[in-house]
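Enquirer: Mind the numbering: the sequence shown is residues 4 to 293 in the numbering used here, read in order.
Heads up, the beta-carbon is just placed ideally off N, CA and C, and yes, glycines get one too.
If you're wondering where the values come from, they're calculated on a predicted model, not measured in any experiment.
One structure follows; several queries about it will come next.
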Amino acid sequence: MNFVILDLEWNGSYSKKVHRYFNEIIEIGAVKLDERLHSLGTFQAMIKPVVSKKITNLVTDLTGIDKDELKDGVSFQRAIKMFGKLFDENTVLLTWSTSDLMVLLENITYFTGEKTIGFAKYYADAQAFCQKKISSENSGQQMGLSSACEALGISDEDLSLHRAKDDSILTARVFKKVYVYEDFEPYIHPIDDRFYERLYYKPKIITKVSHPLVKPEFLQFRCPECHEKLHLRGKWRYSSRMLNAEMRCSCGKKYTAKVQIKELYDCVSVRKRLTEELEPTASENEENNE
Ligand SMILES: [Zn+2]
C-alpha cells in the first residue's frame with residue numbers, strides 16, 4: 004500500500020455554466036509515499052483557469068499565485084490525467100480534511116461530467132487521523148495544519164505555506180510523525196457508493212427532545228460545584244441551533260444548559276455547554292436602573 008497526499012489551491016468565482024459560485028482549481032500539489040512512508044517523489048501542476056481568468060486578491064495574497072504564473076498552465080483535464088497516473092489498485096488518496104476532496108470532485112464533475120474519482124480506490128482524511136493522534140479531546144474544532152505542526156514541533160521554515168506542493172509536503176511531515184499503521188487503518192475507506200453517500204450527507208441538527216435519537220443522558224448535567232445532578236426548570240426550547248433549558252442544583256446554583264445534537268451519517272454528535280446564572284449584584288442593579 005502506498006499513499007498520495009494531495010493539496011489544492013483554488014480560485015473562487017461565479018460560473019455562468021452552473022449559475023453558482025465555483026471553486027476552480029489552479030494548482031495541484033502532491034507527495035507520494037511508500038508503505039514505510041519514504042518519499043517516492045512529488046507532483047505539481049499549475050492549471051490555466053477558464054471559468055474566471057481573474058484571480059481574486061484573496062487568492063494572490065494567500066498563495067502568491069497570480070495571472071502571470073498561470074498563463075502557461077495546463078488544462079484541468081490534462082492535470083488530473085497526469086495526477087491519476089500516481090495511483091494503482093493499492094494507493095490511498097489523502098487530504099488534510101475533506102474540503103480539498105470536495106473541491107476535487109466539484110472540478111472533476113464540472114470539467115469531465117464524471118461524478119466520481121475514477122483513479123483512486125481508497126481515501127483517508129489525514130486531518131481527522133492526525134488530530135486524533137495529537138489530541139484525544141474532541142473540542143468540535145478542526146485543527147489546522149499549522150497548529151498540528153506547532154503541536155508536533157515540525158518546522159515549515161523551508162516551505163511556502165499555502166502553496167499546494169509545499170502544503171502536501173508539510174502534511175506528509177505531520178502524517179509521518181504520528182503514523183502507526185494499526186491506528187491509521189480504520190481511517191482508510193474504499194471509494195465506493197457508500198463513500199459518496201457519506202461524503203454528501205448533510206448533518207441535521209435535532210430540534211426536539213422527543214426525537215428518537217435523543218438519549219436521556221444527552222440532556223443531563225451535573226453541577227460543576229457540587230457534582231449533583233441538575234434539575235430542569237421549565238422546558239427545553241430550540242433556538243440558535245441549540246436546545247436550551249434553565250437548570251437548578253439543590254445547592255442553590257442556577258444554570259443555563261445548552262445542547263447541540265447532530266445526526267451524522269452513521270452516528271450522533273453531542274456538544275454540551277453549561278453557564279452559571281449569576282444573581283445580579285448591587286452595582287449591576289444600579290447600572291440597570293440608569
Ligand atoms: Zn450544586
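Among 279, 100, 117, whose alpha-carbon lies nearest the alpha-carbon of residue 134?
Expert: 100
Enquirer: Taking DSSP as the reference, what is the three-state secondary structure of residue 210?
Expert: Of the three classes helix, strand and coil, the one that applies to residue 210 here is coil, per DSSP.
Enquirer: Closer than 6 Å from C-beta to any heavy atom of ligand 1: which residues, in chain order?
Expert: 226, 228, 229, 231, 252, 254, 256
Enquirer: If you run the structure through DSSP and keep just helix, strand and coil, what is residue 132?
Expert: helix
Enquirer: Taking residue 110 as the reference, give the member of 24, 41, 72 with the closest Cα.
Expert: Measuring from the Cα of residue 110, the nearest candidate turns out to be 24.
Enquirer: Only counting the same chain, and skipping five residues up and downstream in sequence, which positions put a Cβ closer than 8 Å to that of residue 42?
Expert: 34, 35, 36, 175
Enquirer: Straight-line CA distance for residue 49 to residue 152?
Expert: Between the alpha carbons of residue 49 and residue 152 lies a gap of roughly 26 Å.
Enquirer: Indicate the three-state DSSP secondary structure (helix, strand or coil) for residue 59 in the structure shown.
Expert: coil
Enquirer: Just how far apart, CA to CA, sit residue 178 and residue 186?
Expert: 12 Å
Enquirer: Give the straight-line distance between the Cα atoms of residue 95 and residue 125, rounded to the nearest whole angstrom.
Expert: Computed Cα separation, rounded: 5 Å.
Enquirer: Using the Cα positions of residue 82 and residue 113, report the straight-line distance between them to the nearest angstrom.
Expert: 14 Å
Enquirer: Looking at residue 93: is its Cβ nearer than 8 Å to the Cβ of residue 58?
Expert: no
Enquirer: By Cβ distance, which residues of its chain are closer than 7 Å to residue 290, with the 5 residues on each side in sequence left out?
Expert: Low local confidence applies: a pLDDT of 48 at residue 290 is under 50, so the model's placement there is unreliable, with the coordinate-based value given in what follows. Within the same chain, residue 290 has no close Cβ partners at all.
Enquirer: Between the Cα of residue 214 and the Cα atoms of 116, 266, 132, which residue gives the shortest distance?
Expert: 266
Enquirer: Excluding the 5 residues flanking residue 79 on each side, which residues of the same chain have their C-beta closer than 7 Å to its C-beta?
Expert: Cβ within range, chain order: 28, 50, 110, 114.
Enquirer: Among the candidates 132, 32, 282, 31, whose CA atom is the shortest distance from the CA of residue 257?
Expert: 282
Enquirer: In angstroms with no decimal places, state the Cα-to-Cα distance between residue 85 and residue 46.
Expert: Going by C-alpha positions, residue 85 is about 9 Å away from residue 46.
Enquirer: According to the neighbour-count rule (16 or more other Cβ atoms, all chains shown, within 10 Å of its Cβ), is residue 270 buried or exposed?
Expert: exposed
Enquirer: Okay, do the segment 224–238 and the segment 193–200 touch, 3+ Cβ pairs below 8 Å being the bar?
Expert: no
Enquirer: Among 98, 56, 61, which one has its Cα closest to the Cα of residue 32?
Expert: 98
Enquirer: What do you get for residue 252, buried or exposed, if any count of 16 or more other CB atoms within 10 angstroms of its CB means buried?
Expert: buried
Enquirer: How long is the line joining the alpha carbons of residue 236 and residue 260, rounded to whole angstroms?
Expert: 11 Å
Enquirer: For residue 255, which option in 244, 245, 233 has the closest C-alpha, if you only look at C-alpha atoms?
Expert: 233
Enquirer: Have a look at residue 53 and residue 106 and give me their C-alpha separation to the nearest angstrom.
Expert: It is roughly 16 Å from the alpha-carbon of residue 53 to the alpha-carbon of residue 106.
Enquirer: Let's see if you can read the secondary structure: which residues bound the beta strand (DSSP E) around residue 30?
Expert: 23–36
Enquirer: Taking the alpha-carbon positions, what's the residue 221 to residue 89 distance?
Expert: Whole-angstrom Cα-Cα distance: 46 Å.
Enquirer: Kindly indicate which residue of 75, 132, 205, 190 has the alpha-carbon position closest to the one of residue 3.
Expert: Because the chain in this structure spans residues 4 to 293, residue 3 falls outside the shown range and cannot be described.
Enquirer: Can you give the Cα-Cα distance for residue 217 and residue 264, rounded to whole angstroms?
Expert: 8 Å
Enquirer: Between residue 276 and the rest of its own chain, which residues show a CB-CB distance below 7 Å, the 5 nearest in sequence each way excluded?
Expert: 261
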